[in-house]
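Note sheet for the following structure.
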Amino acid sequence: MDTAQWQAFARQFPQLSHRQRLASSDLLRTIAPQVAAVTLIEQTAQAQLHCPACLSTHFHRHGQVHGLQRYRCVPCRKTFNALSGTPLAHLHHKERWL
Numbered sequence: 181m182d183t184a185q186w187q188a189f190a191r192q193f194p195q196l197s198h199r200q201r202l203a204s205s206d207l208l209r210t211i212a213p214q215v216a217a218v219t220l221i222e223q224t225a226q227a228q229l230h231c232p233a234c235l236s237t238h239f240h241r242h243g244q245v246h247g248l249q250r251y252r253c254v255p256c257r258k259t260f261n262a263l264s265g266t267p268l269a270h271l272h273h274k275e276r277w278l
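Residue 234 in this note's numbering sits at position 54 of the sequence shown; the count goes up by one each step and never skips.
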């Protein structure tokens, strides 16, 4: 979001009803732990990142899913993220576990 969009967005807040302000606050509270969880996961895994299928360390960035960076392995062409091959790989609500 650029500066002009943010300013237009911020100007609308005084016009929100009490219920809308509470909903906005709840939304912001749920986003913060998700962002923190993704940051922690990617920082921790960066030093030891490798393809879980062939164990290669030769990979390229390949988009993002749910805030996590995806990678494509060059030798085997499979995609993975920092959680692939870990106990957290298939969990929903990862931010609750960290």
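For each residue, glycine too, the CB sits at the ideal point set by N, CA and C. Everything numeric in this text was worked out from a predicted model, so none of it was measured.
H230 is the residue among L196, H230, P267 and L271 whose C-alpha sits nearest the C-alpha of F260.
When the alpha-carbon of H242 is set against those of L235, C234 and Y251, the nearest one is in Y251.
Within the same chain, and ignoring the five residues on either side of C253 in sequence, the residues whose Cβ sits closer than 8 Å to its Cβ are C231, A233, C234, S236, H238, F239, T259 and F260.
Counting only the Cα atoms, Q185 lies some 23 Å from H198. According to the DSSP assignment, F189 belongs to no beta strand (DSSP E) but to the alpha helix (DSSP H) extending over T183 to Q192. DSSP, read as helix, strand or coil, puts L229 in coil.
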